[in-house]
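Colleague:
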Amino acid sequence: MKKSLLLALLALPLSLFAQKEDPNMGIIPAPTSVHRTRGEFKLTPETLVLVDSPNHKAIKFFKDYLLKNNLATSVTDMAMIDPKKMPTKNVIVLSLNFKDNLPAEGYELHIDENRVEIKGHGAGMFYGMQSLIQLINKTSPGSATIPCGNIKDHPRFGYRGMHLDVARHFFDVAFVKKYIDVMAFYKLNTFHWHLTDDQGWRIEIKKYPKLTEIGSKRAQTKIGRAAGPTAIPDLYDNTPYGPYFYTQDQIREVVEYASSKFINVVPEIEMPSHALAALAAYPEMGCDPGKGYKVGETWGGFDDVFCPTDETFNMLYDILREVIDLFPGKYIHAGGDECNKVAWKKSEFCRQLIIDKQLKNEDGIQSYFMEKIEKFLNTRGVQMIGWDEILEGGLAPNAVVMSWRGEKGGIAAAQLNHDVIMTPASGGLYFDHAQSKSSQEPLSIGGFAPLEKVYNYEPVPSVLSKEQAKHVIGVQANLWTEYIATPSKAEYMLLPRMLALSESAWSDPKDKDYRNFSQSRVAHHLAVLDKMGYNYRVPTAVGASDTTMKGGKFKLELSSPVEGATVHYTIDGSEPSENDLVCSAPLEFTVPERGAITLKTIVITSSGKKSIVNTMKLEN
Ligand code: ACM
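The sequence shown stops at residue 642 when you use the numbering used here, and every number in between is there.
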């Protein structure tokens, strides 16, 4: 490449660079095929949006988008226009009704200087719009430019999930909608809503009001880590938490909102374990009703679980009847994880149940339990999802397995011809894990799930045959909230890692390229997320690493990982701030013999978000 061209490219604003030079035109997740062409479409207040299905929910979404962003004047039903007079210039054509068979959820997006066209059925149209929105550069009020190109796109997996635990800490409806918005922007289609756990029951059940009257609050909450070297035993905040729960009207509102963004909501009602909040409300569901159960105040496993009596099952069926009415999707998640069976081992009732039902042991109770629940759900047209422990003691016949303890459970289930959703903690898909090893990261449950690890996760294990691999229906990341009490921290843990998840869920592995993703597209998207009002973890400078380098002369190229952000540095060991020097060109240092320089860098975005401080030691 000629030097002058290289300089010209470097001088381009990153957003335009991402769209014009990037093989994915800056889009996340990377589309199936992108063909860039010259020129741009100019969106003006005169631009006509022509539609063939004016009442479709995808069109309603786009109308709202245009209105909120003060773009284009009108959306017109094509049927109202004389075909001979159909405008062909300065138009955006949105076609939902056509014969071609696009792949499921697929779309085609064509942009030339005169015309933008999206073709897609249902969800496909919606995803075409999301790609278009990612390409729109607003220039002045009412006007925007869109780079020309042709995109054909469809997802790799039909299940593209993001989970949110609202039991350990509660997140209100406004936040849940904001969460759904950013999921939809990155073409995820399943919101796994973890509604019940030991520390809180968060869904109103009309027949059992104490579930929320008692189960949605706890007397206090553990401070600091619950386990590990930095844990301080018996340290609590002495502050009641709750009552926090969603009314059934609020649940309906969220389900409808998610549907308007082509997102299915999978509610999780945990059983037989993670049930303390329910036991505190209705002790008769436990094996030792006189024990005095109380809603969990600390994190980790508890011995008390639902007792497999007829009374418990009848209550769970009643609860699930209301849940089925609220959630129209085909899945309900019934938990099934981390049941340590201590209470069952102590229970006379359980001992007798093992004999009566000819079960092998307490593992047999676990599968007896989950099979009964599955049967109840199946007869109502609902498929059960469970965490991979549901394999223990025998898998319920039609269950979908969510593989979280590595991939072993997922592999075993796929080999038994069960559908599987991959969400292994070991694959970086536990977003409650830390994003770097630095002590500057906020308190987390531990672990290590940096962006690159999330990005490189491959959901289909190579040991599966081609047929078995078809049972891997998708991939999901989980946001457990023991150590996440606020929306801002939830967003910090979610972003940008969810962008990496979306690419694993949507894009063909051959189109994945971490360098292109992290340095070009993510840099642009983080600036976009700033404008959209999201918090996120600001990556450290590109080229910075927590290492000691040896040598006399150094030339370091450090660049910003966020469009519009600056990298500040110090070399005297002090903590860098916005008042310190800016890296605008390669940094050159000569280190005297037996000397050392401590180079500290920080990235500060235009909205004031800061990265952690990175320290590099340069030694001679
Ligand atoms: C889980 O993380 N216990 C599913």
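Glycine included, each C-beta is placed from N, C-alpha and C at the ideal position. Small disclaimer: the values here were computed from a predicted structure and weren't measured.
1. Just to confirm, are Glu-226 and Thr-234 a CB contact at a threshold of 8 Å?
2. Taking 8 Å as the threshold (C-beta atoms), are Tyr-558 and Ser-526 in contact?
3. Name the DSSP beta bridge partners of Asn-136, please?
4. If the criterion is Cβ atoms closer than 8 Å, does the pair Lys-174 and Ser-55 meet it?
5. Taking Cβ to Cβ, would you say Arg-190 is nearer than 8 Å to Thr-503?
6. May I ask whether a heavy atom of ligand 1 can be found less than 7 Å away from the beta carbon of Asp-594?
7. Flag this pair as yes or no: are the beta carbons of Met-392 and Gly-358 separated by less than 8 Å?
8. Report, in whole angstroms, the separation of the C-beta atoms of Pro-294 and Val-327, which I expect to be a contact under 8 Å.
9. Tell me, please, whether the segment 98-108 touches the segment 143-162 by the rule of three or more beta-carbon pairs shorter than 8 Å.
10. My output table needs one value for Pro-531: the three-state DSSP class, helix, strand or coil.
11. Let me have the residue list for ligand 1: C-beta closer than 6 Å to any non-hydrogen atom, ordered along the chain.
12. How many angstroms separate the CA atom of Lys-25 from the CA atom of Pro-53?
13. Comparing C-alpha positions only, which one of Val-613, Tyr-591 and Leu-124 sits nearest to Ala-607?
14. List the endpoints of the continuous beta strand (DSSP E) containing His-216.
15. Within the segment 424-472, note down every full beta strand (DSSP E) run reaching 3 residues or more, in order along the chain.
16. In angstroms, rounded to a whole number, what distance separates the CA positions of Ile-495 and Asp-441?
17. Leaving out the 5 sequence neighbours to the left and right, which residues in its chain are closer than 7 Å to Ile-626 when beta-carbon positions are compared?
18. Identify the continuous alpha helix (DSSP H) that holds Ala-303 and give its terminal residues.
19. Quick check on DSSP: helix, strand or coil for Cys-361?
20. Just to confirm, is the Cβ distance from Ala-456 to Trp-426 under 8 Å?
21. Cα separation between Phe-324 and Ile-354?
22. Using a 10 Å radius around the Cβ and a threshold of 16 neighbouring Cβ atoms, would you call Val-635 buried or exposed?
23. Does Glu-370 pass the burial test, meaning 16 or more other C-beta atoms within 10 Å, or should it be called exposed?
24. Tell me the DSSP secondary structure of Pro-22 in three-state form.
25. What distance in whole Å lies between the Cβ atoms of Trp-528 and Pro-177, which are believed to be in contact at a cut-off of 8 Å?
26. Can you tell me where the alpha helix (DSSP H) with Val-327 in it begins and where it stops?
27. Quick check: what's the CA-CA separation for Gly-555 versus Ser-282?
28. State the Cα-Cα distance for the pair Leu-640 and Glu-615, rounded to the nearest angstrom.
29. CA-CA distance, Glu-610 and Leu-154?
30. Between Pro-289, Asp-530, Val-71 and Pro-518, which has its C-alpha nearest Tyr-208's C-alpha?
31. For Glu-278 and Gly-408, I'd like the C-alpha separation in whole angstroms.
32. If you draw a straight line from the alpha carbon of Val-560 to that of Val-584, how long is it in whole angstroms?
33. If we ignore side chains and look at the alpha-carbon of each, how far apart do Met-23 and Val-544 end up?
34. Run through DSSP, which three-state label would Trp-8 get?
35. With H, G and I counted as helix, E and B as strand and the rest as coil, what does DSSP make of Tyr-353?
Modeller: Based on what the coordinates show:
1. In the sequence shown, counting from the first residue as 1, residue 226 sits at position 204. In the sequence shown, counting from the first residue as 1, residue 234 sits at position 212. Contact flag set, yes.
2. On the sequence shown, residue 526 is found 504 positions in, with the first residue counted as 1. On the sequence shown, residue 558 is found 536 positions in, with the first residue counted as 1. Taking 8 Å as the cut-off, the beta carbon of Ser-526 is found no closer than this to the beta carbon of Tyr-558.
3. Against the sequence shown, residue 136 aligns to sequence position 114. In DSSP, Asn-136 forms no bridge with anything.
4. The count along the sequence shown starts at 1 and reaches residue 174 at position 152. The count along the sequence shown starts at 1 and reaches residue 55 at position 33. Yes; because the gap between Cβ atoms is below 8 Å, this pair is in contact.
5. Here residue 190 corresponds to residue number 168 of the sequence shown, with the count starting at 1. Here residue 503 corresponds to residue number 481 of the sequence shown, with the count starting at 1. Yes, these two residues count as a Cβ contact at 8 Å.
6. As a first step, residue 594 must be located in the sequence shown, where it is residue number 572. No - ligand 1 has no heavy atom lying nearer than 7 Å to the Cβ of Asp-594.
7. The residue given as residue 392 occupies position 370 in the sequence shown. The residue given as residue 358 occupies position 336 in the sequence shown. Yes, the Cβ-Cβ distance between Met-392 and Gly-358 is below 8 Å.
8. On the sequence shown, position 272 is the one that residue 294 refers to. On the sequence shown, position 305 is the one that residue 327 refers to. About 5 Å separates the Cβ atoms of Pro-294 and Val-327, confirming a contact at the 8 Å cut-off.
9. With the cut-off at 8 Å, the segment 98-108 and the segment 143-162 do not touch.
10. Position 509 of the sequence shown, counted from the first residue, corresponds to residue 531. Pro-531 falls in the helix class under three-state DSSP.
11. Having a Cβ closer than 6 Å to some heavy atom of ligand 1 are Asp-359, Glu-360, Trp-409 and Trp-426.
12. One-based indexing of the sequence shown puts residue 25 at position 3. One-based indexing of the sequence shown puts residue 53 at position 31. Because the pLDDT of Lys-25 is 43, which lies under 50, any placement of that residue in the model is unreliable, and the question is left without a value.
13. Translated into positions along the sequence shown, residue 607 becomes position 585. Proximity to Ala-607 across Val-613, Tyr-591 and Leu-124 peaks at Tyr-591, based on C-alpha coordinates.
14. Residue 216 sits at position 194 when you count from the first residue of the sequence shown. Per DSSP, His-216 belongs to the beta strand (DSSP E) from 212-216.
15. 442-444, all fully within the segment 424-472.
16. Walking along the sequence shown from the start, residue 495 turns up at place 473. Walking along the sequence shown from the start, residue 441 turns up at place 419. Distance between the alpha carbons of Ile-495 and Asp-441 is about 6 Å.
17. For the purposes of this step, residue 626 is taken as residue 604 along the sequence shown, with counting starting at 1. So the list reads Ala-587, Thr-588, His-590, Glu-600 and Lys-632, once near-sequence residues are dropped.
18. Locating residue 303 in the sequence shown gives position 281, counting from the first residue. From DSSP, the alpha helix (DSSP H) with Ala-303 extends over 298-303.
19. In the sequence shown, counting from the first residue as 1, residue 361 sits at position 339. In the structure shown, Cys-361 sits in coil (DSSP, three-state: anything other than H, G, I, E or B).
20. To locate residue 456, count along the sequence shown from 1; it is residue 434. To locate residue 426, count along the sequence shown from 1; it is residue 404. Not in contact: Ala-456 and Trp-426 (Cβ atoms no closer than 8 Å).
21. As a first step, residue 324 must be located in the sequence shown, where it is residue number 302. As a first step, residue 354 must be located in the sequence shown, where it is residue number 332. Going by the C-alpha atoms only, they are around 23 Å apart.
22. Mapped onto the sequence shown, residue 635 falls at position 613. Buried is the call here.
23. What you label residue 370 is simply residue 348 of the sequence shown in a count that begins at 1. With fewer than 16 other Cβ atoms within 10 Å, it is exposed.
24. Outside the displayed range of the chain (23 to 642) lies residue 22, so it cannot be described from this structure.
25. Sequence index remark: in the sequence shown, residue 177 carries index 155 (1-based). Sequence index remark: in the sequence shown, residue 528 carries index 506 (1-based). Taking a contact as a CB-CB distance under 8 Å, the pair Pro-177 and Trp-528 counts as one, their CB atoms being some 5 Å apart.
26. Sequence index remark: in the sequence shown, residue 327 carries index 305 (1-based). Looking at the DSSP string, Val-327 is not in any alpha helix (DSSP H), and its letter there is neither H nor E.
27. Against the sequence shown, residue 555 aligns to sequence position 533. Against the sequence shown, residue 282 aligns to sequence position 260. When rounded, the distance between both Cα atoms is 21 Å.
28. For the purposes of this step, residue 640 is taken as the residue at position 618 of the sequence shown. For the purposes of this step, residue 615 is taken as the residue at position 593 of the sequence shown. Put simply, the backbone Cα of Leu-640 is about 11 Å away from that of Glu-615.
29. As a working note, residue 610 is residue 588 in the sequence shown. As a working note, residue 154 is residue 132 in the sequence shown. C-alpha separation (whole angstroms): 42 Å.
30. The residue labelled residue 208 in the question sits at position 186 within the sequence shown. Comparing Cα-Cα distances from Tyr-208 to each of Pro-289, Asp-530, Val-71 and Pro-518, the minimum goes to Pro-518.
31. Residue numbering aside, residue 278 sits at position 256 when the sequence shown is read from its first letter. Residue numbering aside, residue 408 sits at position 386 when the sequence shown is read from its first letter. Straight-line Cα distance between these residues: approximately 24 Å.
32. Indexing the sequence shown from 1 puts residue 560 at position 538. Indexing the sequence shown from 1 puts residue 584 at position 562. Their Cα atoms are separated by approximately 8 Å.
33. By 1-based counting over the sequence shown, the position of residue 23 is 1. By 1-based counting over the sequence shown, the position of residue 544 is 522. The pLDDT assigned to Met-23 is 38, lower than 50, so where the model puts this residue is not dependable; a value taken from the coordinates is nonetheless given after this. Here the alpha carbon of Met-23 sits roughly 25 Å from the alpha carbon of Val-544.
34. The chain is shown only over 23 to 642; residue 8 falls outside these bounds and no answer can be derived.
35. On the sequence shown, position 331 is the one that residue 353 refers to. If DSSP states are grouped into helix, strand and coil, Tyr-353 belongs with the strands.
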